[in-house]
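J.:
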Amino acid sequence: MAQNLRFDGRVVIVTGAGGGLGRSHALAFGARGASVVVNDLGGSFTGEGASTRAADVVVEEIRAAGGKAVPNYDSVLDGDKIVETAMKAYGRVDIIINNAGILKDVSFARMTDQQWDIIFQVHVHGAYKVTKAAWPIFKKQKFGRIINTTSAAGLYGNFGQANYSAAKLALVGFTQTLALEGKKDNIYTNVIAPMAASRMTETVLPPDMLASLKPEMVTPLVEYLCHEDSTENGSIFEVGAGYVGKLRWERTGGHGFPIDRTLLPEHIQERWEKITNFEDGRATHPTSTQESMEGIIANFENVAGEAAAAGRPRVVSEDG
Ligand code: NAI
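UniProt numbering puts the sequence shown at residues 1 to 320.
(1) Quick test of your reading: Phe29 and Glu223, contact by CB under 8 Å. State the CB separation rounded to the nearest angstrom.
(2) State yes or no: is the C-beta of Val303 within less than 8 Å of the C-beta of Ile259?
(3) Might you give, ordered along the chain, the residues of its own chain that have their beta carbon closer than 8 Å to the beta carbon of Met195, omitting 5 neighbours on each side?
(4) Could you give the distance in angstroms between the alpha-carbon of Asn99 and the alpha-carbon of Ile13?
(5) Phe45: beta carbon under 7 Å from a heavy atom of the ligand NAI?
(6) Is Asp319 buried or exposed, if buried means 16 or more other CB atoms sit within 10 Å of its CB?
(7) Less than 7 Å between C-beta atoms, sequence neighbours within five positions excluded: which residues of the same chain meet that for Val59?
(8) Which residue from Ala170, Ile147, Leu178, Ala17 puts its Cα closest to that of Ala54?
(9) Identify whether Val218 lies in helix, strand or coil by the three-state DSSP scheme.
(10) In terms of DSSP beta bridges, what is Thr284 paired with?
(11) Contact between the segment 34 to 52 and the segment 85 to 105: three or more CB pairs below 8 Å?
(12) Assuming Val76 and Val122 are in contact, meaning their beta carbons sit under 8 Å apart, how far apart are those beta carbons, in whole angstroms?
(13) Which residues in the same chain as Pro286 place their Cβ atom closer than 8 Å to its Cβ, once the five residues preceding and following it in sequence are excluded?
(14) Using only the alpha-carbon positions, how far apart do Gly79 and Thr131 sit?
(15) Tell me which residue opens and which closes the beta strand (DSSP E) that Asn72 is part of.
(16) Does DSSP put Ala162 in a helix, in a strand, or in coil?
(17) Could you name the residues of the same chain whose beta carbon sits closer than 6 Å to that of His25, not counting the 5 residues immediately before and after it, in chain order?
(18) Taking just the CA atoms, how far does Val172 sit from Tyr164?
(19) Within 7 Å: the Cβ of Arg53 and any heavy atom of the ligand NAI?
(20) DSSP puts Thr149 in a beta bridge; with which residues?
(21) With a floor of 4 residues, list each alpha helix (DSSP H) that falls wholly inside the segment 95 to 148, ordered by position along the chain.
(22) Does the distance from the C-beta atom of Leu180 to that of Gly234 stay below 8 Å?
(23) Can you check whether the CB of Ala167 is closer than 8 Å to the CB of Ala119?
(24) Could you give the distance in angstroms between the alpha-carbon of Glu232 and the alpha-carbon of Lys246?
(25) Quick one: is Asn4 buried, meaning 16 or more other Cβ sit within 10 Å of its Cβ, or exposed?
(26) Starting from the Cα of Lys139, find the closest Cα among Asp185, Leu103, Phe45 and give me that residue.
(27) Quick check: what's the CA-CA separation for Phe7 versus Phe143?
(28) Relative to the C-alpha of Gln114, which residue among Ser230, Arg271, Ser198, Thr46 is closest?
(29) Give the straight-line distance between the Cα atoms of Gly9 and Lys274, rounded to the nearest whole angstrom.
(30) Would you verify that the beta carbon of Ala34 is, or is not, closer than 8 Å to some beta carbon of chain D?
(31) Does the beta-carbon of Arg110 have 16 or more other beta-carbons within 10 angstroms, so that it is buried, or is it exposed?
(32) Below 8 Å on the Cβ atoms is my guess for Phe108 versus Ala162; work out the distance and round it to an integer in Å.
(33) May I ask which residues mark the beginning and end of the alpha helix (DSSP H) holding Gly30?
(34) For a test of your reading of the model: does the CB of Asp40 fall under 7 Å from any non-hydrogen atom of the ligand NAI? Yes or no.
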């Protein structure tokens with residue numbers, strides 16, 4: 001297939017690009033003409049230590065293949081310094097891939113405040129700091145593409161990852177609000193839940209699975225979403241081993257109780273089947289806070305009135 005999706009003239013920051021998924025993203029952008037800031041703190045996958053080697057090796061790989069790249073060794077907590085590296089080297093920033101991450105897996109019962117806080121620092125505060133520093137540049141140039149990296153653990157929960165799940169889902173909310181705020185300035189933000197073999201997953205997934213989970217099978221979605229041709233914005237994707245799919249919220253039709261009657265837990269119990277039923281043909285897929293509130297606002301009209309007060313049949317909802 002013709003490789004038309006080029007990034008010539010674009011400057012891409014990839015955080016945590018010294019290995020795993022970030023390395024794959026950085027190499028791919030470099031191969032398609034972008035100038036790449038290869039950021040990596042170079043610590044362990046649990047966040048200990050630091051080294052310049054991780055970023056340097058990837059910069060060398062990009063350059064050896066004829067591409068343009070500079071290293072940056074700052075933590076994402078100093079996101080402004082990473083953006084500064086891009087501005088000093090190339091005078092612009094067009095694309096940010098918030099990918100850096102660590103794990104501190106431990107059951108919630110044994111989790112310390114420190115293990116909770118550091119995960120939020122790196123994943124949430126780190127993505128915030130890098131993006132915040134680039135945002136005015138994106139707004140001014142009326143172009144920006146941002147990819148955040150969530151996880152299945154964030155979307156569905158995972159044993160031993162209360163800190164990581166909470167932080168990763170925070171990035172979904174971050175994505176969806178940036179998507180709204182950036183849209184008028186051609187700044188599009190999306191979030192991926194990848195699955196790939198890396199030092200982060202090599203100890204938890206079986207070897208035969210790891211062999212099918214190449215980071216290079218995640219990166220093309222990232223490239224597409226970051227290209228000027230793509231107008232996808234505020235979306236969540238699951239991606240890995242060549243599979244790419246989009247997620248959305250689903251809400252049951254629910255049940256509306258009369259607004260002028262005392263609502264008791266017994267009423268909820270009585271209607272539980274209907275409140276939780278996704279299969280009765282009434283489920284919807286809200287995409288905004290406005291759509292989220294529709295069911296609630298519609299129920300403002302659900303008044304039982306005098307008839308119910310007098311003990312006659314109650315008007316409780318569309319199906320009684
Ligand atoms: P990895 O450990 O190979 O890569 C993460 C990179 O981030 C490392 O090179 C590390 O040095 C760097 N890093 C860590 N803290 C940093 C900091 N404060 N500042 C700058 N760089 C820092 O792991 P992998 O798997 O490539 O993970 C990449 C992202 O994808 C992470 O956000 C991870 O949570 C996410 N993810 C990965 C999955 C997978 O299947 N590999 C599954 C779901 C999410």
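Where a beta carbon is used, it is the ideal one built from N, C-alpha and C, also for glycine.
The model shown is predicted, which means the values in this text are computed figures rather than measured ones.
T.: If we stick to the structure as given:
(1) Position 29 of the sequence shown, counted from the start, is the residue given in the question as residue 29. Position 223 of the sequence shown, counted from the start, is the residue given in the question as residue 223. The pair is a contact, with the Cβ atoms about 7 Å apart (cut-off 8 Å).
(2) The residue you call residue 303 lines up with position 303 of the sequence shown. The residue you call residue 259 lines up with position 259 of the sequence shown. The answer is yes: Cβ separation under 8 Å.
(3) Position 195 of the sequence shown, counting from 1, holds the residue named residue 195. The answer, listed in chain order, is Ala152, Thr201, Leu213, Val218, Glu238, Val239, Gly240, Ala241.
(4) To locate residue 99, count along the sequence shown from 1; it is residue 99. To locate residue 13, count along the sequence shown from 1; it is residue 13. Cα to Cα, the separation comes out at about 10 Å.
(5) As a position in the sequence shown, residue 45 is number 45, starting the count at 1. Result yes, Cβ under 7 Å from the ligand NAI.
(6) The count along the sequence shown starts at 1 and reaches residue 319 at position 319. Caution applies to Asp319, whose pLDDT of 47 falls short of 50 and renders its modelled position unreliable; the model cannot decide the point.
(7) Residue 59 sits at position 59 when you count from the first residue of the sequence shown. Closer than 7 Å at the Cβ level, and outside the excluded window around Val59, lie Val38, Ala69, Val70, Pro71.
(8) In the sequence shown, residue 54 corresponds to position 54, counting from 1. Closest option to Ala54, Cα to Cα, is Ala17.
(9) Your numbering for residue 218 matches position 218 in the sequence shown. Coil, per DSSP.
(10) Along the sequence shown, read from residue 1 onward, the residue named residue 284 stands at position 284. Paired residue(s): Arg251.
(11) yes
(12) In the sequence shown, the residue the question calls residue 76 occupies position 76. In the sequence shown, the residue the question calls residue 122 occupies position 122. The pair is a contact, with the Cβ atoms about 6 Å apart (cut-off 8 Å).
(13) The residue you call residue 286 lines up with position 286 of the sequence shown. Excluding residues within five positions, the ones whose Cβ falls inside 8 Å are Trp249, Arg251, Ser292, Glu294.
(14) Taking the first residue of the sequence shown as position 1, residue 79 is located at position 79. Taking the first residue of the sequence shown as position 1, residue 131 is located at position 131. Each residue's Cα considered, the two are about 8 Å apart.
(15) To locate residue 72, count along the sequence shown from 1; it is residue 72. It spans 68 to 72 - the beta strand (DSSP E) in which Asn72 sits, taken as one unbroken run.
(16) Here the question's residue 162 lines up with position 162 in the sequence shown. The answer is helix: DSSP assigns Ala162 an H, G or I state.
(17) The sequence position of residue 25 within the sequence shown is 25, counting from 1. The answer, listed in chain order, is Val14, Ile97, Thr219, Val222.
(18) As a working mapping, residue 164 is identified with position 164 in the sequence shown. As a working mapping, residue 172 is identified with position 172 in the sequence shown. Approximately 13 Å between the Cα atoms of the pair.
(19) Sequence index remark: in the sequence shown, residue 53 carries index 53 (1-based). False, no ligand heavy atom lies under 7 Å from that Cβ.
(20) Translated into positions along the sequence shown, residue 149 becomes position 149. Note: Thr149 sits in a beta bridge opposite Ile192.
(21) 113 to 119, 126 to 141
(22) Start at 1 with the first residue of the sequence shown, and residue 180 comes out as number 180. Start at 1 with the first residue of the sequence shown, and residue 234 comes out as number 234. The answer is yes: Cβ separation under 8 Å.
(23) The count along the sequence shown starts at 1 and reaches residue 119 at position 119. The count along the sequence shown starts at 1 and reaches residue 167 at position 167. The identity of residue 119 in the sequence shown is Ile, whereas the question assumes Ala. Cβ distance < 8 Å, so Ile119 and Ala167 count as in contact.
(24) The sequence position of residue 232 within the sequence shown is 232, counting from 1. The sequence position of residue 246 within the sequence shown is 246, counting from 1. Approximately 11 Å, taken between the alpha carbons.
(25) Taking the first residue of the sequence shown as position 1, residue 4 is located at position 4. It counts as exposed.
(26) Counting from 1 along the sequence shown, the entry for residue 139 is found at position 139. The residue with the shortest Cα to Cα distance from Lys139 is Asp185.
(27) The residue you call residue 7 lines up with position 7 of the sequence shown. The residue you call residue 143 lines up with position 143 of the sequence shown. Between Phe7 and Phe143, the C-alpha separation is close to 13 Å.
(28) Within the sequence shown, the letter at position 114 stands for residue 114. Ranking the options by Cα distance to Gln114, first place goes to Thr46.
(29) Walking along the sequence shown from the start, residue 9 turns up at place 9. Walking along the sequence shown from the start, residue 274 turns up at place 274. Rounded to the nearest angstrom, the two C-alpha atoms are 55 Å apart.
(30) Chain labels in this structure do not include chain D; a single protein chain is all it has.
(31) Residue numbering aside, residue 110 sits at position 110 when the sequence shown is read from its first letter. Arg110 is exposed by the Cβ-count criterion.
(32) Residue numbering aside, residue 108 sits at position 108 when the sequence shown is read from its first letter. Residue numbering aside, residue 162 sits at position 162 when the sequence shown is read from its first letter. Going by Cβ atoms, the distance from Phe108 to Ala162 rounds to 4 Å, so yes, they are a contact pair.
(33) On the sequence shown, residue 30 is found 30 positions in, with the first residue counted as 1. Residues 20 to 31.
(34) Counting from 1 along the sequence shown, the entry for residue 40 is found at position 40. Asp40 Cβ: within cutoff of the ligand NAI.
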